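Here's the structure, in structure tokens; my notes come after.
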Amino acid sequence: MVLPRYVAFKSKADDLYLKYVKEDVQIHGYIKYDAHNVVTPHTKYEVEPAKVGKGFVNIRCCYNNKYWVCPSINTQYVVAVADEPNEDQSNWACTLFEPIFDPDHQAYRIKHVYFGYNTCSWRDGLARDRCLYMGYSTPDANLCDLHVAIDWESFYVLPKYVAFKGDNGNYLQACWFQGLPYLQFSADDIGDPKVGNEVSTTNDGNVRIKSNHFGKLWRRSPNWIWVDSNDTTGNNKDTLFWPVKVDNKFVALRNLGNNYFCKRLTTEGKTNCLNAGVPTITKEARLEIQELVLSRSIYNVIFHLLDARIYGQHVITMANGDASNSSNKENTIDMKLHYTISESNKWCSTVSAKVGVQTSIQTGIPLIAEGKIEMSAEFSGEYTWGETKSKSSEIETVYTVTVPPMSRVRVSLLATKGQCDVPYSYAQRDTLMNGDQVTNYYDDGIYTAVNCYNFKYETKQEPL
Numbered sequence: 001m002v003l004p005r006y007v008a009f010k011s012k013a014d015d016l017y018l019k020y021v022k023e024d025v026q027i028h029g030y031i032k033y034d035a036h037n038v039v040t041p042h043t044k045y046e047v048e049p050a051k052v053g054k055g056f057v058n059i060r061c062c063y064n065n066k067y068w069v070c071p072s073i074n075t076q077y078v079v080a081v082a083d084e085p086n087e088d089q090s091n092w093a094c095t096l097f098e099p100i101f102d103p104d105h106q107a108y109r110i111k112h113v114y115f116g117y118n119t120c121s122w123r124d125g126l127a128r129d130r131c132l133y134m135g136y137s138t139p140d141a142n143l144c145d146l147h148v149a150i151d152w153e154s155f156y157v158l159p160k161y162v163a164f165k166g167d168n169g170n171y172l173q174a175c176w177f178q179g180l181p182y183l184q185f186s187a188d189d190i191g192d193p194k195v196g197n198e199v200s201t202t203n204d205g206n207v208r209i210k211s212n213h214f215g216k217l218w219r220r221s222p223n224w225i226w227v228d229s230n231d232t233t234g235n236n237k238d239t240l241f242w243p244v245k246v247d248n249k250f251v252a253l254r255n256l257g258n259n260y261f262c263k264r265l266t267t268e269g270k271t272n273c274l275n276a277g278v279p280t281i282t283k284e285a286r287l288e289i290q291e292l293v294l295s296r297s298i299y300n301v302i303f304h305l306l307d308a309r310i311y312g313q314h315v316i317t318m319a320n321g322d323a324s325n326s327s328n329k330e331n332t333i334d335m336k337l338h339y340t341i342s343e344s345n346k347w348c349s350t351v352s353a354k355v356g357v358q359t360s361i362q363t364g365i366p367l368i369a370e371g372k373i374e375m376s377a378e379f380s381g382e383y384t385w386g387e388t389k390s391k392s393s394e395i396e397t398v399y400t401v402t403v404p405p406m407s408r409v410r411v412s413l414l415a416t417k418g419q420c421d422v423p424y425s426y427a428q429r430d431t432l433m434n435g436d437q438v439t440n441y442y443d444d445g446i447y448t449a450v451n452c453y454n455f456k457y458e459t460k461q462e463p464l
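The UniProt record's numbering numbers the first residue of the sequence shown as 1 and each following residue consecutively.
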């Protein structure tokens with residue numbers, strides 16, 4: 001079996017999730033089995049098939065976009081700190097791993113290609129307890145070397161304040177039928193107070209949905225969705241739903257009580273009510289998500305430069321020029337060079353969903369300068385979340401060159417073009433449909449930039 005493209009890992013030994021460690025200075029950058037919640041920015045990994053084939057992969061932590069690697073020839077721990085993949089199998093710093101599926105346990109052993117050892121949740125009772133370690137060449141009796149792979153793309157983290165719109169064009173609203181609290185696709189105004197819902201996500205990625213109007217949770221009974229539960233344990237499967245992403249605006253909700261999708265249904269005297277009664281995602285089961293947010297502001301953006309990554313660096317030619325001297329004397333010439341300098345920036349989030357809300361953002365702009373990341377100007381204004389902002393400027397510069405007699409000097413302006421990824425945390429202040437203002441803090445931001453730096457001139461002399 002092949003690992004999913006985006007994956008979370010759960011230890012077969014103790015049911016804890018593998019997470020990136022950023023808080024602890026002593027083991028910053030390590031990956032460790034001690035997370036109880038799977039839906040976090042620190043528990044998501046991307047699996048990239050190796051160019052050398054053979055079933056090998058490179059595994060990248062999505063929090064900082066860095067690859068799993070051994071930090072030293074003198075240790076067998078695995079950390080997520082490599083900026084680029086290294087597929088040299090003769091090098092201890094190679095980033096290649098071989099996933100080996102164990103059908104008996106429905107889990108993977110993940111072997112480092114250079115060292116030949118399986119990674120495991122290492123138990124030493126010290127600071128690195130449960131950190132990922134290359135410890136076994138044969139299967140471990142305690143199952144510490146087995147990793148259960150969970151397809152991250154099966155998760156869909158719904159916004160916290162939402163309304164659902166049905167295929168009939170109406171919003172789902174709370175209502176009474178025959179003395180019972182139902183949900184019906186019959187509202188035409190998203191501002192109707194009976195339309196709003198608040199979503200909470202469990203540690204395993206399921207959701208519970210509370211009607212703002214009734215102040216209670218959705219519950220399946222028997223297959224109709226009623227709004228009558230005060231359950232606080234999270235153990236009642238009839239109150240749990242699994243969101244399946246249809247596309248960026250649509251979701252289907254599978255009730256865990258019977259594993260059927262919720263759909264718009266007319267029967268038994270009910271008209272267009274929500275019912276968990278279909279095994280597939282029919283058109284009536286496709287629900288459009290709309291956030292109950294009028295406006296959003298992002299501020300207090302804190303970039304975590306220690307976890308930043310620079311990659312894809314290459315030298316490009318920005319401008320060319322030449323100057324000739326056909327005299328018998330040395331000549332000094334001012335050469336005008338014209339070139340275009342461009343950069344792009346993108347702010348997005350790896351976990352939380354932000355669906356079609358007008359957003360303003362106030363933030364610094366990290367860029368690469370002399371091979372490291374520095375804060376440059378600030379950006380403040382309207383921004384479409386996840387959109388790439390690009391800008392370019394036409395530059396004219398004068399380069400003074402000394403040309404020997406009967407010679408030509410060719411001048412090239414060179415620069416390095418590179419890309420950087422910088423994780424960040426931020427505050428998000430939402431103004432809701434009911435006028436409330438709610439502030440939440442997130443740690444799932446990833447900023448990406450492309451820019452040029454390390455400008456230098458290169459000259460070449462030729463005889464005429």
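Glycine included, every Cβ here is placed at the ideal spot set by N, Cα and C. Bear in mind the structure is a predicted one, so any value in this text is a computation, not a measurement.
Beta-carbon separation (whole angstroms), D204 vs V38, contact threshold 8 angstroms: As a working mapping, residue 204 is identified with position 204 in the sequence shown. As a working mapping, residue 38 is identified with position 38 in the sequence shown. Indeed, because the Cβ distance is near 6 angstroms, the residues count as touching under 8 angstroms.
query: Would a C-beta distance cut-off of 9 angstroms place F241 and V207 closer than the cut-off?
result: Position 241 of the sequence shown, counted from the first residue, corresponds to residue 241. Position 207 of the sequence shown, counted from the first residue, corresponds to residue 207. Result yes, Cβ atoms of F241 and V207 sit closer than 9 angstroms.
Collapsed DSSP secondary structure at D307 in the structure displayed: Along the sequence shown, read from residue 1 onward, the residue named residue 307 stands at position 307. In the structure shown, D307 sits in a helix (DSSP, three-state: H, G or I).
task: Rounded to whole angstroms, what's the CA-CA distance from L183 to I209? Just pull it up for me.
output: The residue given as residue 183 occupies position 183 in the sequence shown. The residue given as residue 209 occupies position 209 in the sequence shown. For L183 and I209, the distance between alpha carbons rounds to 12 angstroms.
query: Do residue 473 and E284 have their C-beta atoms within less than 9 angstroms of each other?
result: The question about residue 473 has no answer, for the chain in this structure spans 1 to 464.
message: Which residue wins for smallest C-alpha separation from I333, given the options T138, E374, T400 and Y260?
response: Taking the sequence shown and counting its residues from 1, the one referred to as residue 333 is at position 333. It is T400 whose Cα lies nearest to the Cα of I333.
- request: Please classify N328: is it buried, with 16 or more other beta-carbons within 10 angstroms of its beta-carbon, or exposed?
  value: Here the question's residue 328 lines up with position 328 in the sequence shown. Exposed is the call here.
task: Report the three-state DSSP secondary structure of A427 (helix, strand or coil).
output: Taking the first residue of the sequence shown as position 1, residue 427 is located at position 427. Note: A427 maps to strand in three-state DSSP.
message: Going by DSSP, what residue range makes up the beta strand (DSSP E) through D444?
response: Here the question's residue 444 lines up with position 444 in the sequence shown. From DSSP, the beta strand (DSSP E) with D444 extends over Q437 to P463.
Test item: CB-CB of E330 and V403 under 9 angstroms: On the sequence shown, position 330 is the one that residue 330 refers to. On the sequence shown, position 403 is the one that residue 403 refers to. Yes, they are a contact pair.
query: Nearest CA to the CA of residue 465: which residue from E288, V251 and I225?
result: Residue 465 is absent from the model: the chain starts at 1 and stops at 464.
Beta-carbon gap between I59 and R128 smaller than 9 angstroms: Residue numbering aside, residue 59 sits at position 59 when the sequence shown is read from its first letter. Residue numbering aside, residue 128 sits at position 128 when the sequence shown is read from its first letter. Not in contact: I59 and R128 (Cβ atoms no closer than 9 angstroms).
field: Span separating the alpha-carbon of Y33 from that of N434
entry: Taking the first residue of the sequence shown as position 1, residue 33 is located at position 33. Taking the first residue of the sequence shown as position 1, residue 434 is located at position 434. C-alpha separation (whole angstroms): 41 angstroms.
message: Buried or exposed for V69, going by 16 or more other Cβ atoms inside 10 Å?
response: Start at 1 with the first residue of the sequence shown, and residue 69 comes out as number 69. With 16 or more other Cβ atoms within 10 Å, it is buried.
- prompt: Candidates E374, N118 and N255: which alpha carbon is nearest P99's?
  reply: Counting from one through the sequence shown, the residue named residue 99 turns up at place 99. If we check each option's Cα against that of P99, N118 comes out closest.
message: Tell me the DSSP secondary structure of T397 in three-state form.
response: Position 397 of the sequence shown, counting from 1, holds the residue named residue 397. Strand, per DSSP.
field: Same chain, Cβ closer than 8 angstroms to R296, five either side skipped, listed in chain order
entry: What you label residue 296 is simply residue 296 of the sequence shown in a count that begins at 1. Once the five neighbours on either side are set aside, the close Cβ partners of R296 are K354, V357, Q358, T359, S360, Q428, R429, D430 and T431.
message: Closest to I341 by C-alpha separation, out of I373, F455, A377 and K111, would be which residue?
response: Indexing the sequence shown from 1 puts residue 341 at position 341. Residue F455 is the option with its Cα nearest to I341.
- request: May I have the straight-line CA-CA distance separating A149 from C348, to the nearest angstrom?
  value: Locating residue 149 in the sequence shown gives position 149, where the first residue counts as 1. Locating residue 348 in the sequence shown gives position 348, where the first residue counts as 1. The alpha-carbon atoms of A149 and C348 are separated by roughly 25 angstroms.
- prompt: What's the gap between the Cα of F379 and the Cα of T282?
  reply: Translated into positions along the sequence shown, residue 379 becomes position 379. Translated into positions along the sequence shown, residue 282 becomes position 282. Computed Cα separation, rounded: 44 angstroms.
query: What are the residues that DSSP puts in a beta bridge with V227?
result: The residue given as residue 227 occupies position 227 in the sequence shown. DSSP, once it has assigned bridges, lists W218 as partnering V227.
message: Which of the three DSSP states is assigned to W152 in this structure?
response: The residue labelled residue 152 in the question sits at position 152 within the sequence shown. If DSSP states are grouped into helix, strand and coil, W152 belongs with the helices.
task: Measuring alpha carbon to alpha carbon, tell me which of E198, C420 and T202 ends up nearest L217.
output: Numbered from 1 along the sequence shown, position 217 holds the residue referred to as residue 217. Here the closest residue by C-alpha is E198.
- request: Have a look at P139 and F9 and give me their C-alpha separation to the nearest angstrom.
  value: For this step, residue 139 is matched to residue 139 along the sequence shown. For this step, residue 9 is matched to residue 9 along the sequence shown. The straight-line gap from Cα to Cα measures roughly 18 angstroms.
- request: Could you tell me which residues DSSP puts in a beta bridge with Q419?
  value: Your numbering for residue 419 matches position 419 in the sequence shown. According to DSSP, which records beta bridges pairwise, Q419 is partnered with Y311 and V450.
- prompt: Which residues does DSSP pair with M318 in a beta bridge?
  reply: Here the question's residue 318 lines up with position 318 in the sequence shown. DSSP, once it has assigned bridges, lists no residue as partnering M318.
- request: Answer yes or no: do E153 and R5 have a C-beta to C-beta separation smaller than 9 angstroms?
  value: In the sequence shown, the residue the question calls residue 153 occupies position 153. In the sequence shown, the residue the question calls residue 5 occupies position 5. A contact, by the Cβ cut-off of 9 angstroms.
- prompt: Where does T233 fall in DSSP's three states?
  reply: The residue given as residue 233 occupies position 233 in the sequence shown. DSSP places T233 in coil when its eight states are reduced to three.
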